[in-house]
Structure formats: C-alpha cells, structure tokens
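Which chain is which? The protein sequence lines are R and V, in order. The first sequence begins at 486 in our numbering and counts up by one. The second sequence begins at 486 in our numbering and counts up by one. Ideal Cβ positions, reconstructed from N, Cα and C, are used throughout, including at glycine. Each remark here refers to the structure printed beneath this line.
Protein chains: 2
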Amino acid sequence: MSILFSRQCEYAIQAVLFLALKPEGERVPTNALTRRLKIPYHFLGKILQSLTRKGLLRSEKGPKGGFSLALPPEDITLFHIVEAIDGDAFTRSCVLGFPECSGKNPCSVHETWGKQRDQIYQMLVSRNIGEMARDMKRPEYRSKAH
Amino acid sequence: MSILFSRQCEYAIQAVLFLALKPEGERVPTNALTRRLKIPYHFLGKILQSLTRKGLLRSEKGPKGGFSLALPPEDITLFHIVEAIDGDAFTRSCVLGFPECSGKNPCSVHETWGKQRDQIYQMLVSRNIGEMARDMKRPEYRSKAH
DNA sequence: GTATATTCAGACAAAGATATCTGAAAAGAA
DNA sequence: TTCTTTTCAGATATCTTTGTCTGAATATAC
Numbered sequence: 486m487s488i489l490f491s492r493q494c495e496y497a498i499q500a501v502l503f504l505a506l507k508p509e510g511e512r513v514p515t516n517a518l519t520r521r522l523k524i525p526y527h528f529l530g531k532i533l534q535s536l537t538r539k540g541l542l543r544s545e546k547g548p549k550g551g552f553s554l555a556l557p558p559e560d561i562t563l564f565h566i567v568e569a570i571d572g573d574a575f576t577r578s579c580v581l582g583f584p585e586c587s588g589k590n591p592c593s594v595h596e597t598w599g600k601q602r603d604q605i606y607q608m609l610v611s612r613n614i615g616e617m618a619r620d621m622k623r624p625e626y627r628s629k630a631h
Numbered sequence: 486m487s488i489l490f491s492r493q494c495e496y497a498i499q500a501v502l503f504l505a506l507k508p509e510g511e512r513v514p515t516n517a518l519t520r521r522l523k524i525p526y527h528f529l530g531k532i533l534q535s536l537t538r539k540g541l542l543r544s545e546k547g548p549k550g551g552f553s554l555a556l557p558p559e560d561i562t563l564f565h566i567v568e569a570i571d572g573d574a575f576t577r578s579c580v581l582g583f584p585e586c587s588g589k590n591p592c593s594v595h596e597t598w599g600k601q602r603d604q605i606y607q608m609l610v611s612r613n614i615g616e617m618a619r620d621m622k623r624p625e626y627r628s629k630a631h
C-alpha cells in the first residue's frame, strides 16, 4: 500500500486526538476509545502502550484507570506521534528507492521531492493536537461520526 | 514502513528508467537489469510482466528477447508507473485514516494535506521518463553507481 | 480480604508484501 | 529438428504488519 503513515500511526493519531477532546487529565480506558474509533481493541492497547513508553501518554491501571495525555495538547505535535510510531522512515531515503541517491549524487526527483517532504514535515511539526481537536469540535465535523 | 511508494513501485521506476537509458527499442533481458539495479531476479520479472500487461513495456521471448519501452520515454510519466503498480492508493483516503473524512466532513489536516498531495501528483504527472533518464546521464550522477 | 476493572507482557494467528523456485511456452540459432 | 535463451505462470517460502488471545500485575470498590 504505502501512503505516508502506517496504519498503527493513523490509529495512534486518532486515539491521541480523541483523548484531547476529553477534559484535561480525564482517564479514558481503551474500551471507550474502541467504541468511538474503529480500531481493534488489543491492537489499540499495544499502540497506547507504545505512546505511554514514549512519554506522550500517561496510564493508570485498575477501575477508573485508563489513558490520558502526558502533556498539554498544544505541546503534542503530529510529528511527535509519527516519530514515536513510525520513526524517521519518511525523512530518510530516496523516494525512488535508489540506494546511492544523496545530495552529492541525486536522483532526478531528489530536489523536488526534498522540498515537498520538507513541506510535509512543516505540516507535521506545526500542527498540534490541541488545535486539531478544536477543529474537530466544529459542528459540521462532529455531526457525522465523532 | 510506508513512504509514498511500495518497493515494487520503486523497482518498477528504476527499471523503466534504466530501459530509457538504452537506445530506443533495444531489448533488454531481465538478466541485464538485475546486474545493474539491485533487484531480485524473479521479483523483477513479475514487475516487468505487470508493466507489460499495463501497456508500458513490450516484451519478446527467446534469444535476443527482453523488454523495451512500449512508448516514447517522453510519453511515460512517473504517474503512469505508480498508477500501474500501486493503483490510486495515494490519491484516495484520509491521511489520518478517518473513514468518514471527506470534503463535507474534513479532518483537521484535510485541506493542507490535499494541497500537498496535489503537488506530489503534479510532480508525478509532469516528470517524464525521458527527461529523467537524461538527468541521470549527467556525469556526476553516472560516476557512482549507474 | 474478595471481586472487578483496568494496563501490561508475551505468544500466537492472519494477511499482505517481498522474494524464490520450478517448469512450461515461445522464439531464434545451430 | 534440437538446443538455447528468454518470457510467462503458478506454487511456495520468508518477512513484516496487522490483529487476536491468554493470563499476569495492579489498583479501586465493596
């Protein structure tokens, strides 16, 4: 397939976004997340664990436990999440797959793609979860599925 | 992983590019291609078959057989190849994976990503194989591995 | 304490992508 | 014709990603 983010990463973004919609600090169990988002329970569990280990989420066990953001939503960017799950896959490497492509020895789209990749990177680091969550509260968005 | 194109697609682009470096109409067997590009023989075979079925390449069996471009290199764009191998995966669907994301009901990066996707699309349709092959003939490129 | 609700860890399963193998079919050369 | 070189088709193998299952650990409520 291949389209910028792995499915895990998409799920991670969706989940963090959902947490940001809740009152700050509220603990949300995996259960509640899967009900809204269409993500397999145990798979989501593992993703949330990853994000917790990376320091983006905080977790509490037991009744009234669950996950919450470890930082103010404004301090979490899309890039933080992508980096935590997919690593630096998309900044590295030639888009045409030439092993020897580099600044010194560029493939034919090296520069063009470089610019576009930078723009995407800019989007990722400039978009924070707090802002995005507010966007999603707009009635025309919430009306449907969220 | 996930970075725009599948590996198959990268291989396909590399192979077509390599064919475009040869005199027009020259038949190149899979063998000669794997020697230059680092692509597994049989895997490449299947990819070349796909491209042939899609009408981008022409194939001849037997001694002195092999693959050649079915069109003038200037008429083959990157998009033709990507479309033939990866389909429309990257034009479809929300980059954050929201199933319900659409123009009416956009996710928070719908528009930004849409613009960037369009730019990438523009790159793909505007870059033709003939032009790219010429780029690759430049000495500072050929010097290394091609 | 016991029961319950949760995260957490690890093994397992299924699906998809990538890679390899085998042999048949076709075409040219001897 | 026979031999060789190639594409072509299909089966199989390996690896990665995605998804599932089971049970342990932990925290709260009773």
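Worksheet item: So what does V:LEU542 bridge to, in DSSP terms?
Response: What you label residue 542 of chain V is simply residue 57 of the second sequence in a count that begins at 1. Partner(s): V:LEU554.
Worksheet entry | Inter-residue spacing [alpha-carbon to alpha-carbon] between V:ASN590 and V:GLN534 | Position 105 of the second sequence, counted from the start, is the residue given in the question as residue 590 of chain V. Position 49 of the second sequence, counted from the start, is the residue given in the question as residue 534 of chain V. Rounded to whole angstroms, the separation of the alpha carbons of V:GLN534 and V:ASN590 is 41 Å.
Worksheet item: Beta-carbon separation of R:THR562 and R:ASN516 under 8 Å?
Response: On the first sequence, position 77 is the one that residue 562 of chain R refers to. On the first sequence, position 31 is the one that residue 516 of chain R refers to. No, they are not a contact pair.
Worksheet item: Would you call the stretch 492-510 of chain V and the stretch 525-533 of chain V touching, i.e. three or more CB-CB distances under 8 Å?
Response: Yes: the two stretches touch, three or more of their Cβ pairs being nearer than 8 Å.
Discussion item. Let's see if you can read the secondary structure: which residues bound the alpha helix (DSSP H) around V:ILE566?
Written reply: Numbered from 1 along the second sequence, position 81 holds the residue referred to as residue 566 of chain V. In the DSSP assignment, V:ILE566 falls within the alpha helix (DSSP H) that extends over 563-571.
Worksheet item: Can you name the residues of chain R whose CB is closer than 9 Å to the CB of V:THR515?
Response: Position 30 of the second sequence, counted from the start, is the residue given in the question as residue 515 of chain V. Below the 9 Å Cβ cutoff, chain R contributes no neighbours of V:THR515, its closest Cβ being approximately 18 Å away.
Worksheet item: Which one of V:ALA505, V:ILE524, V:ALA497 has the shortest CA to CA distance from V:GLY615?
Response: Taking the first residue of the second sequence as position 1, residue 615 of chain V is located at position 130. Selected option, being the one with the closest Cα: V:ALA505.
Worksheet entry | Per DSSP, cross-strand counterpart(s) of V:ASN613 | On the second sequence, residue 613 of chain V is found 128 positions in, with the first residue counted as 1. Residue pairing from DSSP places V:ASN613 in a beta bridge opposite V:THR562.
Discussion item. With distance defined between alpha-carbon atoms, name the residue in R:LYS523, R:CYS592, R:GLU585, R:SER611 nearest to R:PHE564.
Written reply: Residue 564 of chain R sits at position 79 when you count from the first residue of the first sequence. With distances taken between Cα atoms, R:PHE564 lies closest to R:SER611.
Discussion item. According to DSSP, simplified to helix, strand and coil, what is R:VAL594?
Written reply: As a position in the first sequence, residue 594 of chain R is number 109, starting the count at 1. Looking at R:VAL594 - three-state DSSP - the assignment turns out to be coil, as it is neither helix nor strand.
Fill in: Local conformation of R:GLU495 per DSSP, three classes
The residue given as residue 495 of chain R occupies position 10 in the first sequence. Residue state, collapsed to three classes: helix.
Discussion item. Counting only Cβ-Cβ distances shorter than 8 Å, please list the residues of the stretch 569-585 of chain R near chain V, keeping chain order.
Written reply: Taken in chain order, the members of the stretch 569-585 of chain R whose beta-carbon sits within less than 8 Å of a beta-carbon on chain V are ASP571, ALA574, PHE575, SER578, VAL580, LEU581, GLY582, PHE583, PRO584, GLU585.
Worksheet item: Terminal residues of the continuous alpha helix (DSSP H) containing R:LEU518?
Response: As a position in the first sequence, residue 518 of chain R is number 33, starting the count at 1. Where R:LEU518 is concerned, the enclosing alpha helix (DSSP H) stretches over 515-521.
Worksheet item: Grouping DSSP H, G and I as helix and E and B as strand, with all else coil, what is R:ARG602?
Response: Stepping through the first sequence from its first residue, residue 602 of chain R is reached at position 117. R:ARG602: helix per DSSP, three-state reduction.
Discussion item. Which residue wins for smallest C-alpha separation from R:ARG520, given the options R:GLN499, R:GLN601, R:LYS549, R:GLU585?
Written reply: The count along the first sequence starts at 1 and reaches residue 520 of chain R at position 35. Per the Cα distances, R:GLN499.
Worksheet entry | As assigned by DSSP and simplified to three states, the class of R:THR537 | Mapped onto the first sequence, residue 537 of chain R falls at position 52. R:THR537: helix per DSSP, three-state reduction.
Item to complete: Examine chain R for any beta-carbon lying closer than 8 Å to the beta-carbon of V:THR562, and answer yes or no.
Response: Counted from its first residue, the second sequence places residue 562 of chain V at position 77. Chain R, which has no Cβ nearer than 8 Å to the Cβ of V:THR562, makes this no.
Worksheet entry | Minimum C-alpha distance to R:ALA569 - residue among R:ARG619, R:LEU518, R:LEU542, R:LEU536 | Walking along the first sequence from the start, residue 569 of chain R turns up at place 84. For R:ALA569, the closest C-alpha among the options R:ARG619, R:LEU518, R:LEU542, R:LEU536 is that of R:LEU536.
Fill in: Where R:LEU489 meets chain V, residues with beta-carbon distance less than 9 Å
Here residue 489 of chain R is taken as the residue at index 4 of the first sequence, counted from 1. Going along chain V in sequence order, the residues near R:LEU489 (Cβ under 9 Å) are SER487, ILE488, LEU489, PHE575, VAL580, TRP598.
Discussion item. Out of V:PHE528, V:ASP620, V:PRO558, which one is the CA nearest neighbour of V:GLU509?
Written reply: Against the second sequence, residue 509 of chain V aligns to sequence position 24. Minimum Cα distance to V:GLU509 is reached at V:PRO558.
Discussion item. Against R:TYR496, what residues of chain V qualify as contacts under a CB-to-CB distance less than 8 Å, listed in chain order?
Written reply: Here residue 496 of chain R is taken as the residue at index 11 of the first sequence, counted from 1. In chain order: GLY582.
Discussion item. For chain R, check one thing: does any of its Cβ atoms lie closer than 8 Å to the Cβ of V:LYS523?
Written reply: Locating residue 523 of chain V in the second sequence gives position 38, counting from the first residue. Using beta-carbon distances, V:LYS523 counts as an interface residue toward chain R, with a partner under 8 Å.
Discussion item. I'd like to know if R:ARG612 contacts chain V, where contact means its C-beta is closer than 8 Å to some C-beta of that chain.
Written reply: Taking the first residue of the first sequence as position 1, residue 612 of chain R is located at position 127. Yes, because at least one Cβ of chain V sits closer than 8 Å to the Cβ of R:ARG612.
Practice prompt. Put V:PHE583 into one of helix, strand or coil per three-state DSSP.
Written response: Numbered from its first residue, the second sequence carries residue 583 of chain V at position 98. Coil at V:PHE583, not helix or strand.
Item to complete: Determine the chain R residues that contact V:ASP620 at a beta-carbon separation under 7 Å, and present them in chain order.
Response: Position 135 of the second sequence, counted from the start, is the residue given in the question as residue 620 of chain V. Under a criterion of Cβ atoms nearer than 7 Å, the residues of chain R adjacent to V:ASP620 are, in order, SER593.
Practice prompt. Take R:TYR606 as the anchor and find which of R:THR576, R:VAL501, R:CYS586 has the nearest alpha-carbon.
Written response: Here residue 606 of chain R refers to the residue found at position 121 when the first sequence is read from its first residue. Answer by Cα proximity: R:THR576.
Worksheet item: Mind pulling the chain R residues with CB within less than 7 Å of V:ILE605?
Response: The residue labelled residue 605 of chain V in the question sits at position 120 within the second sequence. Per Cβ cutoff of 7 Å: GLN601.
Fill in: Three-way DSSP call (helix, strand, coil) for V:PHE528 in this model
Within the second sequence, residue 528 of chain V is the residue found at index 43, counting from 1. Under the three-state reduction of DSSP, V:PHE528 is assigned to helix.
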